[in-house]
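Novice: For the sequence shown, counting from 1, position 163 maps to 159 in my numbering; every step adds exactly one. Backbone N, C-alpha and C fix where the C-beta goes; we use that ideal spot for every residue, glycine too.
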Amino acid sequence: MIDFDITLDFEFNSIKPGKVASHLPYESITHSENGLTRVGLFLNGAIHWLVYNYETRRDVIIAFNLKEMTMSEITLPNDFDIWYVSPLDFDILVLNGLISVWVSDVVTVKIWVMQEYTVHSSWTFSMHPAPQDNHFSLISFTNCGDIVGIVDHERGLKKFNNKGHLLEHDSYHICFSERSQMAVYTESLLSFPSGTDEA
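1. If we call anything under 7 Å between Cβ atoms a contact, is V97 one with W108?
2. If you drop the 5 nearest sequence neighbours on each side, which residues of the same chain put their C-beta closer than 6 Å to that of V144?
3. Which of helix, strand or coil does DSSP assign to H116?
4. Among D77, G152, V35, K63, which one has its Cα closest to the Cα of V90?
5. Since W79 is in the beta strand (DSSP E), which residue starts that stretch and which ends it?
6. Sort out for me which residues DSSP pairs G145 with in a bridge.
7. Could you please give me the residues that DSSP links to N49 through a beta bridge?
8. Identify the continuous beta strand (DSSP E) that holds M65 and give its terminal residues.
9. If you follow the beta strand (DSSP E) that H165 is in, where does it begin and where does it stop?
10. Just to check my reading of the structure: T66 and V56 have Cβ atoms closer than 8 Å, yes? What is that Cβ distance to the nearest angstrom?
11. Where Y50 and G41 are concerned, what is the direct C-alpha to C-alpha distance, given to the nearest angstrom?
12. Out of V47, D85, M123, point me to the one whose CA is closest to E23's CA.
13. If the criterion is Cβ atoms closer than 7 Å, does the pair D142 and L153 meet it?
14. Candidates V115, T104, E112, L39: which alpha carbon is nearest H161's?
15. If you draw a straight line from the alpha carbon of E64 to that of D101, how long is it in whole angstroms?
16. So is D75 buried or exposed if we call it buried at 16+ other beta carbons inside 10 Å?
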């Protein structure tokens, strides 16, 4: 049996004075199929997690700023409801450089995107037909609107069109795959200006 009441304890190791271990009032609410807490997402210099604050009794996104070593909360959209879904069927993700949350049921994948970071009123909502697969974890959308995600029990990636029909499936086998998680990132071969005038 999986214990979903996991309290998050953070220990900040720093050479800066005044930085000590902290206990925070949060419980993880997102899990992979094997019960492990999902990893956080990096955006705007901070790592983000979707958690339950047991002091305020609300689900929130927490952001740990790596430079400042501070923790802050981001309020979820008012209509983001996860009471009746499995912990496998919702999470946070980064879409086009913006923090987002999603929840999937049998019929739809509901997605909220925060257009302006930390501004509650900037959440926008969209709905897509759900892929015909249980325990589908959304990773990203393609440029043409196809949905890409992980199917936990099959250890594979699937791509669905905007009507929820399967377009592609790719299985993978990784030793210790229960510890593996996927994320989308972009690499660039372009270099940033160095600020020096070199000819």
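Specialist: The answer reads as follows:
1. yes
2. I135, S136, K155
3. helix
4. V35
5. Where W79 is concerned, there is no enclosing beta strand (DSSP E), given that its DSSP letter is neither H nor E.
6. L134, K154
7. Y22, R54
8. That residue, M65, is in no beta strand (DSSP E); it is neither H nor E in DSSP.
9. 162 to 167
10. The pair is not a contact, with the Cβ atoms about 15 Å apart (cut-off 8 Å).
11. 26 Å
12. V47
13. no
14. T104
15. 38 Å
16. exposed
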